[in-house]
Each structure stands twice: as structure tokens, then as C-alpha cells.
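Single-structure report; data block below.
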Amino acid sequence: MACLMEPKPAVADGVDLELEAEYARALAIVLAMNRWIQAAEFALLSEGEQERVLADYDAQLRHLLELAALRRPQALRAREERLTGTELLGQIVELFAA
């Protein structure tokens, strides 16, 4: 019987669960900020307040892009290396297996 207090694994099927959770939170923040910036109420803010919100939005977007880069699969071969036949098929299968 498993203990209820056991920590959950940080990685499941090769996926970093903490990274995925952080990415989901960052995406939710960016989407909410985007809706707010497009709302009519945003125009009611002073120019200085709008600039602060837009600067924060820009920072959130940059953070989201950094997380997205971390989520991309990393190639274990040189970019110039050409793959053909079974090597290419193996790379494709490995890439989409997750």
C-alpha cells in the first residue's frame, strides 16, 4: 500500500512535471494579461499605468518564451549531420514517442 505522503515524481514519461506546471501557469498569466490589455478598461488607465502594465506583460512574455525553449527536445547530433533511412526513422520515432 502506497503512503499518501509520498512525493510525486518530478518526471513522468520523460516529461518534467514541474516545468510543465510552471509553463501552464506562465501561459495562463500571459493570456489573462492579454485579455486585460485588450479590454476597454485598460484605456481608462493613465499613460504611466499602461506603460507599467505593458512592461510587466513584456517580462511575462519573455519568461514564457524561456520556458517554451526549455520544453523543446534537445538534439543529440550536430545540426549539419544528415540522417537517412533507418537513422532518420529512428530519430522521428524517438521524437514523437513522448
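In terms of the numbering used here, the sequence shown is residues 15 to 112. Note that the Cβ used here is the ideal one computed from N, Cα and C, for glycine as well. These figures come from a predicted structure and were not determined experimentally.
For residue i and residue j, what's the separation of their Cα atoms in angstroms?
i	j	result
residue 51	residue 108	41 Å
residue 105	residue 36	28 Å
residue 38	residue 98	36 Å
residue 71	residue 100	45 Å
residue 96	residue 34	31 Å
residue 32	residue 84	12 Å
residue 55	residue 49	11 Å
residue 61	residue 82	31 Å
residue 67	residue 103	47 Å
residue 86	residue 57	37 Å
List the endpoints of the continuous alpha helix (DSSP H) containing residue i.
i	result
residue 58	First-last for residue 58: undefined, no H or E at that position.
residue 36	31 to 52
Quick check: residue i and residue j, are their CB atoms within less than 7 Å of each other?
i	j	result
residue 79	residue 44	no
residue 77	residue 40	yes
Looking only at its chain, what residues have a beta carbon closer than 8 Å to the beta carbon of residue i, apart from the 5 residues adjacent to it on each side?
i	result
residue 15	Reliability of the predicted coordinates at residue 15 is poor, the pLDDT of 46 falling under 50, and the value obtained from them is presented with this limitation in mind. Result list for residue 15: empty, nothing under 8 Å.
So, helix, strand or coil for residue i, using DSSP?
i	result
residue 138	Because residue 138 is not part of the residues shown, which for the chain are 15 to 112, the question remains open.
residue 15	Reliability fails at residue 15, whose pLDDT of 46 lies under 50, so the model's placement of it is uncertain and no value is given.
residue 86	coil
So, at 7 Å on beta carbons, what are the nonlocal neighbours of residue i in its own chain, with the 5 sequence-adjacent residues on each side left out?
i	result
residue 47	71, 74
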